[in-house]
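I have placed the structure first, in the form of structure tokens, so that the comments after it can refer back to it.
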Amino acid sequence: MTFGLIPLTSLECSDLINWIAFNKYGVALNKTQMQKLLYMVYGIYLSTTDEKLFTDDSPKAWPFGPVFPRVNKYFTPGLIPSAADLSVSKIENNPIVFDIINSVVKQFHNKSAASLSHWSHEENGPWYKTVYDGGEAKWNKEISDILIKNYFPKHER
């Protein structure tokens, strides 16, 4: 990251999303909701900064939409991290990440997994273009950062 920030991992970002959803809005996210909110945060961050939010995982085109495989493996629905579990120093040093996560969770914490999956399957969206490029469905293919960056709006503080 060119901003001189301490980079966050995909799991740290998902922990923060999960913590905010539960502690601010009383919502325990399921796996699908987590994946879609993380995808939004990843996309908005990428379009805003021109940089990846994290480098330890990347979105893949799975049947129910974009999925970060590492987060999918380790995220446990209903297990809410305590504030002590969060990488507070990293989060404090990444105010734009914190701001984007807060904004996304505020706007989408009450959306169902089905509605978020439906959104992620929009025709001409990054997932759709990745899966159906050339006509035949392609699963587990990495979704291009260029497609993601061009799809998501820049974050305005």
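Under the UniProt record's numbering, think of the first position of the sequence shown as 1, with each following residue one higher. By construction, the Cβ of each residue, glycine as well, lies at the ideal position given by its N, Cα and C atoms.
Cβ pair residue i, residue j closer than 8 Å
{"i": "Gly65", "j": "Ala28", "result": "no"}
{"i": "Leu16", "j": "Ile101", "result": "yes"}
{"i": "Asp57", "j": "Ser117", "result": "no"}
{"i": "Phe54", "j": "Leu8", "result": "yes"}
{"i": "Lys149", "j": "Ala61", "result": "no"}
{"i": "Thr48", "j": "Ile96", "result": "yes"}
{"i": "Glu12", "j": "Lys90", "result": "yes"}
Residue i - partner residues in DSSP beta bridges
{"i": "Pro126", "result": "Paired residues: none, contrary to the question."}
{"i": "Val67", "result": "Lys60"}
Extent of the continuous beta strand (DSSP E) run through residue i
{"i": "Trp62", "result": "60–62"}
{"i": "Val27", "result": "Here Val27 belongs to no beta strand (DSSP E), and DSSP marks it neither H nor E."}
Closest by C-alpha distance to residue i, when choosing among the options
{"i": "His109", "options": "Thr48, Ile20, Leu86", "result": "Ile20"}
{"i": "Ser144", "options": "Leu38, Pro59, Ser47", "result": "Pro59"}
{"i": "Lys154", "options": "Tyr128, Trp62, Glu122, Gly43", "result": "Gly43"}
{"i": "Gly26", "options": "Cys13, Asp85, Lys106, Asn94", "result": "Lys106"}
{"i": "Gln35", "options": "Glu136, Val104, Glu92", "result": "Val104"}
{"i": "Lys141", "options": "Glu92, Leu46, Phe68", "result": "Phe68"}
Whole-number beta carbon distance between residue j and residue i, since they are thought to touch under 8 Å
{"i": "Ser14", "j": "Val71", "result": "5 Å"}
{"i": "Tyr128", "j": "Glu122", "result": "6 Å"}
Opening and closing residue of the alpha helix (DSSP H) in which residue i lies
{"i": "Pro95", "result": "95–108"}
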